[in-house]
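Residue numbers (my numbering): 5 to 201.
Accompanying notes for the structure given below.
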Amino acid sequence: MKKISGIVAGLMLASSSAMAVDIEYFIGAGAEYSKSEIESSGNGDSSKFDSKDTAFKLKSGVILDKTHRISLSYSKPSDNLTWVDEFDGSSGTTKASTTLILANYDYFFPITEDFRLGVGAHLGSAKLELKEEGEKWSKSGLAYGAQLSAIYDITKNVEFEIGVGHTRYNVDIKHDDGFKDELKYTTSGYAGVNFKF
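Right, dumping it as structure tokens:
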């Protein structure tokens with residue numbers, strides 16, 4: 005009987021602790037500007053390209069006790085990617101994009117009642133797509149990295165978020181001629197609005 009009483013007391017304590025956690029759900033949308041490095045190699049030669057693009061970003065998740073945030077994010081850039089060859093300085097535009105689906109964790113440090121700074125990490129899937137001369141290639145792989153952010157509460161249910169992130173990839177596209185395009189990393193800046201409920 006004492007064991008049962010102890011178990012019941014433990015469950016009640018755990019339940020009351022869980023109920024004491026402040027849980028908020030949120031959805032958000034924003035814009036992201038990114039700079040990526042792509043390495044093209046084959047036949048003993050290699051070139052590195054810096055590419056720039058903008059993306060639309062969506063996210064949704066939960067905020068626990070105003071300090072922990074767990075979310076899922078989706079970003080889809082435009083198909084027009086601007087690149088610069090690091091070797092000879094040549095530049096151009098190509099049809100390419102990287103779609104990201106990421107699981108994110110952020111920890112926030114309250115600075116004031118309405119302002120917080122956050123640090124976090126992300127892990128997920130990246131899909132690289134290239135289109136050239138009527139042909140299309142795509143490949144999915146691992147994406148992982150870290151982010152820093154700042155959040156300001158506009159109202160009780162609306163917040164403005166700005167941040168930077170760095171993502172590394174394990175994704176490449178191998179062509180029939182032996183050449184390979186490998187997405188190395190992306191550094192990005194983003195801003196958006198989140199709605200809490």
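Using N, Cα and C, we set each Cβ at its ideal position, and we do this for glycine too.
No experiment lies behind these values; they were computed from the predicted model shown.
With a Cβ-Cβ cutoff of 8 Å, do residue i and residue j count as a contact?
i, j, result
"K63", "G32", "yes"
"F164", "V123", "no"
"K118", "D157", "Here residue 118 turns out to be Asp, not Lys, going by the sequence shown. Contact flag set, yes."
"I105", "V66", "no"
"S153", "Y37", "no"
"Y109", "A130", "no"
"T98", "E136", "yes"
"S55", "I42", "yes"
"W141", "I115", "no"
Taking only three categories from DSSP, how would you classify residue i?
i, result
"T190", "strand"
"S20", "At S20, the pLDDT of 47 sits below 50, so the modelled position is not reliable and the matter cannot be decided from this model."
"S70", "The amino acid occupying residue 70 in the given sequence is Lys; Ser does not appear at that position. Coil, per DSSP."
"V162", "strand"
"G167", "strand"
"F201", "coil"
"S101", "strand"
"G93", "coil"
"D181", "coil"
Note down the Cα distance separating residue i from residue j, rounded to an integer number of angstroms.
i, j, result
"R73", "L146", "22 Å"
"F112", "R172", "23 Å"
"G46", "A195", "38 Å"
"F199", "F183", "45 Å"
"L3", "G149", "Residue 3 falls outside the range modelled here, since the chain spans only 5 to 201, and no answer is possible."
"T58", "A35", "7 Å"
"E139", "L132", "14 Å"
"N161", "A24", "20 Å"
"R120", "I166", "11 Å"
"I155", "T103", "25 Å"
"L68", "S94", "48 Å"
Taking the alpha carbon of residue i as the reference point, which residue from the options has its own alpha carbon closest?
i, options, result
"T190", "G169, F199 and V175", "G169"
"S101", "D83, V162 and F91", "D83"
"V30", "E137, G48 and S75", "The amino acid at residue 30 is misidentified as Val; the sequence shows Phe. Answer by Cα proximity: S75."
"L187", "K143, N161 and F201", "K143"
"S44", "F201, D185 and D176", "D185"
"K61", "D54, K80 and K52", "K80"
"Y78", "N174, F53, Q151 and A107", "A107"
Which ranges would you report for the beta strand (DSSP E) in the segment 108-140 if only whole runs of at least 3 residues count? Those beta strand (DSSP E) runs which fall completely within the segment 108-140 and span 3+ residues are 119-136.
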